[in-house]
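Scroll down for the structure; my scribbles are underneath it.
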Amino acid sequence: MLGMHGVRSTNYILQEADLLIVLGARFDDRAIGKTEQFCPNAKIIHVDIDRAELGKIKQPHVAIQADVDDVLAQLIPLVEAQPRAEWHQLVVDLQREFPCPIPKRAIR
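Just add 1402 to the spot in the sequence shown (first one is 1) and you have the numbering used here.
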């Protein structure tokens, strides 16, 4: 989860992203905070079946009104596998530095 109720590492990871593909989710103010500061380095592709959600709060670079299943069926075959080792290491490092505190349930 991201934003004010989310995991700190997730917010840092998003700030470092160069591409954000948002599938069937809206840009809620509690999730993204100040729109001009959200993912400042990222190109944003927003896919939503509801035209009213596209560009409503955060203006994407590419807005696609469509069913997410249809978009993914066409998009996934075009994506080339890339190791992205540096990116994966950055994500791991941020998750270690800012772990998600999961409360332990009392065992009865």
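Note that beta-carbon positions come from the ideal geometry of N, C-alpha and C, so glycine has one too.
Bridge partners - residue i, DSSP secondary structure assignment
{"i": "residue 1421", "result": "1445"}
Candidates the options, of which the one nearest residue i by Cα
{"i": "residue 1489", "options": "1414, 1462, 1464", "result": "1414"}
{"i": "residue 1431", "options": "1465, 1418, 1410, 1458", "result": "1458"}
{"i": "residue 1435", "options": "1411, 1448, 1460, 1418", "result": "1460"}
Rounded separation between residue i and residue j - CA only
{"i": "residue 1470", "j": "residue 1476", "result": "10 Å"}
{"i": "residue 1369", "j": "residue 1446", "result": "Only positions 1403 to 1510 of the chain appear in this structure, which leaves residue 1369 out of reach."}
{"i": "residue 1511", "j": "residue 1487", "result": "Coverage of the chain is limited to positions 1403 through 1510, which leaves residue 1511 absent and any answer about it impossible."}
{"i": "residue 1411", "j": "residue 1502", "result": "8 Å"}
{"i": "residue 1427", "j": "residue 1473", "result": "14 Å"}
Classification of residue i by the beta-carbon crowding that lies within 10 angstroms, buried from 16 upward
{"i": "residue 1463", "result": "exposed"}
{"i": "residue 1407", "result": "exposed"}
{"i": "residue 1504", "result": "exposed"}
{"i": "residue 1450", "result": "buried"}
Next on the checklist: Does the contact criterion of 3 or more C-beta pairs under 8 Å hold for the stretch 1434–1442 versus the stretch 1409–1426?
Outcome noted: A contact exists between the stretch 1434–1442 and the stretch 1409–1426.
Next on the checklist: For the structure I just gave you, are there three or more beta carbon pairs, one from the stretch 1470–1484 and one from the stretch 1497–1504, closer than 8 Å?
Outcome noted: Too few Cβ pairs lie closer than 8 Å, so no.
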